[in-house]
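Peer 1: For the sequence shown, our numbering gives the first residue as 13, with consecutive numbering after it. I am attaching a structure below and will ask some questions about it afterwards.
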Amino acid sequence: MGRGVVMVCGSRSLSPSNVPLVSHVVQSLLSAGRGIAVGCAAGADAAVVSSVLAAGAGSRLKIYAAFGPGGAGTAGRLSALSVVSQAAASGVPVSWWAGGPASVPLRGRLASRSLACVRSVLGSGAGAGLVAFVSVLPSRSWGSGAFPSCGSGSWSSVAAAA
Numbered sequence: 013m014g015r016g017v018v019m020v021c022g023s024r025s026l027s028p029s030n031v032p033l034v035s036h037v038v039q040s041l042l043s044a045g046r047g048i049a050v051g052c053a054a055g056a057d058a059a060v061v062s063s064v065l066a067a068g069a070g071s072r073l074k075i076y077a078a079f080g081p082g083g084a085g086t087a088g089r090l091s092a093l094s095v096v097s098q099a100a101a102s103g104v105p106v107s108w109w110a111g112g113p114a115s116v117p118l119r120g121r122l123a124s125r126s127l128a129c130v131r132s133v134l135g136s137g138a139g140a141g142l143v144a145f146v147s148v149l150p151s152r153s154w155g156s157g158a159f160p161s162c163g164s165g166s167w168s169s170v171a172a173a174a
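The following block contains the structure:
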């Protein structure tokens, strides 16, 4: 994917008025020759995938899904099943079950999926980065460990990357 890959994450409840900002950031990353890694959630993740597909740059995208092909294990409306499936059908690489199999509780799969994405990006070389579109501060103090949960997957991804 060229120079370091950038993970883009953010709120599942991204305001529709912020979608143009997400698209602008995606365009800037693509113009800079960057690859983009993203999760599988509604909101910011879905906006990133849609923006990359609209730019015809699916070869520069990697999706980390906490669910399987066809939607097995999704989190209902919190998952971007439709756009992830569309991306997969167009040849975008999707790491299905990136957070573990269906037997792993959803909360654990989401955290493990995000950590897999962070680790992949950090291993992508010089220029690796993370952009987060957050809507609120973390709901609690950061925990410890590889994925320091704080009640927000986006903020926890930022902390894990740091």
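In this text, a Cβ means the ideal position worked out from N, Cα and C, and glycines have one as well.
1. Is it the case that the Cβ atoms of A54 and A92 are separated by a distance below 8 Å?
2. List the DSSP bridge partners of A49.
3. Provide the residue span of the beta strand (DSSP E) that contains L142, from first to last.
4. Report all residues from its chain with a CB closer than 7 Å to the CB of S161; omit the five preceding and five following residues, and keep chain order.
5. Whole angstroms is fine: what's the gap from A56's alpha carbon to R125's?
6. In three-state terms, what does DSSP make of S156?
7. Identify whether V38 lies in helix, strand or coil by the three-state DSSP scheme.
8. Would you kindly check if the distance between the Cβ of R24 and the Cβ of L90 is under 8 Å?
9. Could you compute how far the alpha carbon of S94 sits from the alpha carbon of S153?
10. From R119 to G111, what distance separates their C-alpha atoms?
11. What are the residues that DSSP puts in a beta bridge with V106?
12. Can you tell me where the alpha helix (DSSP H) holding L122 begins and where it ends?
Peer 2: According to the data block:
1. yes
2. M19 and K74
3. Annotation: the continuous beta strand (DSSP E) that includes L142 extends over G141 to F145.
4. A123, G155 and S168
5. 16 Å
6. coil
7. Three-state result, V38: helix.
8. yes
9. Each residue's Cα considered, the two are about 33 Å apart.
10. 9 Å
11. I75
12. Boundaries of the alpha helix (DSSP H) around L122: L118 to L134.
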